[in-house]
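Read the structure below first, then the notes.
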Amino acid sequence: MDQYVIKGGTPLCGEVEIGGAKNAALAILAAAVMADETITIENLPNVRDINVMLQAIENIGAHVERVDVHTVKINGALIHGFTVDNEYIRKIRASYYLLGALLGKYKNAEVALPGGCAIGSRPIDLHLKGFRALGAEVEIRHGMVAASAKDLHGTHIYLDKVSVGATINIMMAASLAKGRTTIENAAKEPHVVDVANFLNCMGASIRGAGTDVIRISGVERLHKAEYSIIPDQIEAGTFMFAAAATGGDVTVKNVIPKHLEATTAKLLEVGCRVEEFDDAVRVMACHPLHHTQVTTLPYPGFPTDMQPQMGIVLGLSSGTSTITESIFENRFKYVDELAKMGANIKVEGNIAIIYGVDRYTGARVSAPDLRAGAALVIAGLAAEGITTVDDIYYIERGYEAFDEKLRKLGGQIQKVSSEKEIQKFKLKIS
Ligand code: UD1
């Protein structure tokens, strides 16, 4: 099993290029099959979940041509099956986007119930409520979600909870429904806007994405398009917190600073300096880091996907901080791992009370999920001594060349697959 081995203590310094947003890309790949003409997608992150999605759409008959690692051409004209199920697709969350895409185009879809990181119960009732409101019959049977309709018709949908996935899924299906659909209490995340922009490039008519009311006028069909995916705000934020935790100075390039405002605000609160440029952000760490309070919220609030990385920084701050996790109930699984490195954090319900310590010490830890895994790598880079992170499979689902990018910033980190390789790494750095 692959692991990261890390020798901590070196401040990360330099520049890092951010790739395309994984969560936007997953929805955009699914939406691409809704046209019978060729769609070219650029700035695709080369990560595991993306490859699973590409494989899934290829399996149902879409033509997929990988132009280069970050560019793909997709043509959905020859799709011959509406059932999506394999052991890999069952493990990713975004498989649910194939429901909206296939239901919209063919009025028929059967997709394995989504998996994804075990960060909470993660129901999909709001997606299904939306499909039903559009006129589909929806049933869950044998671990699959089956949705079908004679016709989809525009409607008014109120989302009881702000959900990124449900907003995007309903937007996709409604794009090919008859008449107008309104989604109220819609998610406003940058990737919701990105998927709406992409669908509009394909000929859809979506207005209001980025606000809490989205209006969609259904069209007959979607057509060819070329599209470049927005930068990944979570990858960017991860490197920003890595700079803060290691006492570094990192310029994160190819980002949209507006999307990073919540992250930037928290870095300023803990005392870091942050400079914003047109498409870059520079984070200069401070010592000591100050304590603060964080609550995760839907965009433009502080993202739940940045919560573990923020926890690592607060664990090293002076004084007592709190993190309130309001989106997913099981997102503090990194806390027990971090305790092995000397952190002093108490979790009570959805609140983590963080008593800052002077330093972390290297230990053997395991990645409980994607973002918590990335956070533990940051902790290892900040720690005294050697850290090994197990189960890096999770991290590779969402971060492209994570170790390589960290090495370019001066981080001493290596992907290894045996004890022998760990020893070799230790020899090299000693
Ligand atoms: C997406 C992201 C994930 C991110 C999350 C919140 C992908 C593949 N994943 O997940 O990385 O952490 O947004 O920004 O893009 N809910 C319901 N019923 C539903 C749907 C959601 O109750 O039908 C609840 C969830 O349990 C959660 C909240 O709504 O408490 C927000 O979830 P949602 O925004 O839908 O998250 P995901 O789309 O699963």
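Numbering (the numbering used here), first residue to last: 42 to 471.
From the three backbone atoms N, C-alpha and C, an ideal C-beta is built for every residue, glycine too.
Going by the beta-carbon positions, is the gap between residue i and residue j smaller than 8 Å?
i, j, result
"residue 175", "residue 194", "yes"
"residue 142", "residue 71", "yes"
"residue 457", "residue 44", "yes"
"residue 112", "residue 265", "no"
"residue 294", "residue 56", "yes"
"residue 46", "residue 438", "no"
"residue 467", "residue 427", "yes"
"residue 421", "residue 49", "yes"
"residue 361", "residue 332", "yes"
"residue 289", "residue 447", "no"
"residue 199", "residue 225", "yes"
"residue 337", "residue 368", "yes"
"residue 126", "residue 153", "yes"
"residue 93", "residue 140", "no"
"residue 400", "residue 370", "no"
"residue 365", "residue 394", "no"
"residue 376", "residue 408", "no"
"residue 91", "residue 102", "no"
"residue 144", "residue 250", "no"
"residue 350", "residue 279", "yes"
"residue 137", "residue 206", "yes"
"residue 287", "residue 321", "no"
"residue 189", "residue 149", "yes"
"residue 488", "residue 453", "The requested residue 488 does not occur in the structure, where the chain is confined to residues 42 to 471."
If residue i and residue j are in contact, beta carbons under 8 Å, what's the gap, nearest whole angstrom?
i, j, result
"residue 296", "residue 69", "Rounded, the Cβ-Cβ distance is 18 Å, inconsistent with contact."
"residue 216", "residue 247", "7 Å"
"residue 398", "residue 381", "So it is not a contact: roughly 13 Å between Cβ atoms."
"residue 263", "residue 76", "4 Å"
"residue 270", "residue 212", "About 16 Å separates the two Cβ atoms, so there is no contact after all."
"residue 417", "residue 462", "Rounded, the Cβ-Cβ distance is 19 Å, inconsistent with contact."
"residue 179", "residue 209", "With 8 Å as the limit, residue 179 and residue 209 do not qualify as a contact, their Cβ atoms being about 17 Å apart."
"residue 156", "residue 131", "5 Å"
"residue 19", "residue 415", "Because the chain spans 42 through 471 in this model, residue 19 falls outside it and cannot be assessed."
"residue 202", "residue 167", "6 Å"
"residue 472", "residue 356", "The requested residue 472 is not part of the displayed model; the chain covers only 42 to 471."
Among all the DSSP beta bridges, which residues are the ones paired with residue i?
i, result
"residue 455", "46"
"residue 317", "322"
"residue 272", "61"
"residue 387", "394"
"residue 460", "Its beta-bridge partners do not exist; DSSP assigns none."
"residue 31", "Outside the displayed span of the chain (42 to 471) sits residue 31, for which this structure offers no information."
"residue 38", "As shown, the chain starts at 42 and ends at 471. That puts residue 38 outside it, with no answer to give."
"residue 250", "252"
"residue 124", "151"
"residue 266", "80"
"residue 199", "225"
"residue 425", "402"
"residue 337", "343"
Any idea what DSSP makes of residue i, helix, strand or coil?
i, result
"residue 242", "helix"
"residue 442", "coil"
"residue 280", "helix"
"residue 332", "coil"
"residue 188", "strand"
"residue 255", "strand"
"residue 288", "coil"
"residue 150", "strand"
"residue 84", "coil"
"residue 194", "strand"
"residue 448", "helix"
"residue 261", "coil"
"residue 407", "strand"
"residue 293", "strand"
"residue 343", "strand"
"residue 55", "strand"
"residue 159", "coil"
"residue 431", "strand"
"residue 299", "helix"
"residue 204", "coil"
"residue 364", "strand"
"residue 418", "helix"
"residue 178", "strand"
"residue 221", "strand"
"residue 230", "coil"
"residue 166", "helix"
"residue 109", "strand"
"residue 73", "helix"
"residue 359", "strand"
"residue 310", "helix"
Just to confirm, does residue i get its C-beta within under 7 Å of one of the non-hydrogen atoms of the ligand ADP?
i, result
"residue 67", "Summarising the ligand content, the structure contains the ligand UD1 and does not contain the ligand ADP."
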